[in-house]
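Residues 1 to 220 in UniProt numbering are what the first sequence lists, from first letter to last.
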Amino acid sequence: MLTKKDINFALEKIEEMFPDAECELVHDNPFELLIAVVLSAQCTDALVNKVTKDLFKKYKTPEDYLAVSLEELQHDIRSIGLYRNKSKNIRKLCEMLIEEYDGVVPNTKEELEKLAGVGRKTANVVASVAFGVPAIAVDTHVERVAKRLGICRWKDSVLEVEKTLMRKVPKEEWSNTHHRLIFFGRYHCKAKSPQCDTCPLLEICREGQKRMKQMEKAVE
DNA sequence: AACTCGGGGCA
DNA sequence: TGCCCAGAGTT
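Structure (structure tokens):
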């Protein structure tokens, strides 16, 4: 298992690789960010941004999403996929915001996660990006990277990955950490083709060293 | 713990 | 043209 020192080394190296890693979703306010992150499940930020560019001109408030038919909302977000579930969740989400929070997006992870369509990952992203709450959002990229590097065990659940990261990373670095790991996972430590041969983290990476040894054996 | 939703991106 | 995916809800 990696030490805190190793992880700090890894995060510094990743920051050198991706100095401007940050949330790529377009958002002018917490409500728009919340909608954008809910829509982003299982599709790229670029695709979400393509949809929200027009969506946010048409829908400004929770009331706006409830003012149109479900079919109309589905049509407006259809190009991102999973649109039936997401449109229903957004309507429910907006109802809850109006009922329980007077139309204002709550600013804690706990309150956010209770909203429809909002899981732990979405709650953490919104809390940290919109409200500056210390949080580490663990998506498939972060999970894969943490497990490959050896920050946690392969069998760990997403929740365990998050807890381990929070334990081993200083709190003031939490909000930066998930963006760094997401970028690293997306562009370098890819699911199918990790680029270990050019990776600055190789010296501390459990999976990377294993792969390089296999490469050497294959040559012999 | 496994299954479902889904159009778009990419090999 | 077929495979996979920046999650969350349901069973």
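Cβ coordinates follow ideal geometry from the N, Cα and C atoms, glycine included.
Could you compute how far the alpha carbon of residue i sits from the alpha carbon of residue j?
i: residue 156; j: residue 146; result: 10 Å
i: residue 218; j: residue 209; result: 14 Å
i: residue 151; j: residue 57; result: 42 Å
i: residue 148; j: residue 207; result: 5 Å
i: residue 182; j: residue 20; result: 12 Å
i: residue 175; j: residue 193; result: 27 Å
i: residue 100; j: residue 205; result: 46 Å
i: residue 41; j: residue 216; result: 39 Å
i: residue 123; j: residue 110; result: 8 Å
i: residue 180; j: residue 39; result: 21 Å
Among the residues of its own chain, which have a CB less than 7 Å from the CB of residue i, if the five just before and after it don't count?
i: residue 59; result: 65
In the DSSP assignment, find the alpha helix (DSSP H) that holds residue i and state where it starts and stops.
i: residue 117; result: Counting along the chain, residue 117 falls outside any alpha helix (DSSP H), and DSSP gives it neither H nor E.
i: residue 94; result: 83-101
i: residue 63; result: 62-67
i: residue 9; result: 4-17
i: residue 74; result: 70-76
i: residue 36; result: 30-39
i: residue 104; result: Looking at the DSSP string, residue 104 is not in any alpha helix (DSSP H), and its letter there is neither H nor E.
i: residue 47; result: 45-58
Among residues of its own chain, excluding the 5 on either side of residue i, which ones have a beta-carbon nearer than 6 Å to its beta-carbon?
i: residue 62; result: 94, 97, 98, 103
i: residue 74; result: 83, 87
Excluding sequence positions up to five away, which residues of its chain have a Cβ less than 8 Å from the Cβ of residue i?
i: residue 92; result: 116, 117
i: residue 202; result: 196, 208, 209, 212
Quick one: any contact between the region 24-43 and the region 126-143, if contact means 3 or more CB pairs under 8 Å? Taking one beta carbon from each stretch, the region 24-43 and the region 126-143 have 3 or more pairs nearer than 8 Å; the two touch.
Check whether the region 113-121 touches the region 72-90, counting contact only when three or more Cβ pairs, one atom from each stretch, lie closer than 8 Å. Enough Cβ pairs lie closer than 8 Å, so yes.
Which whole runs of the alpha helix (DSSP H) in the region 136-191 are 4 residues long or more, in chain order? Runs of the alpha helix (DSSP H) inside the region 136-191: 140-149, 158-168, 174-187.
Assess contact between the region 2-22 and the region 155-172, defined as three or more Cβ pairs (one per stretch) separated by less than 8 Å. Is contact present? yes
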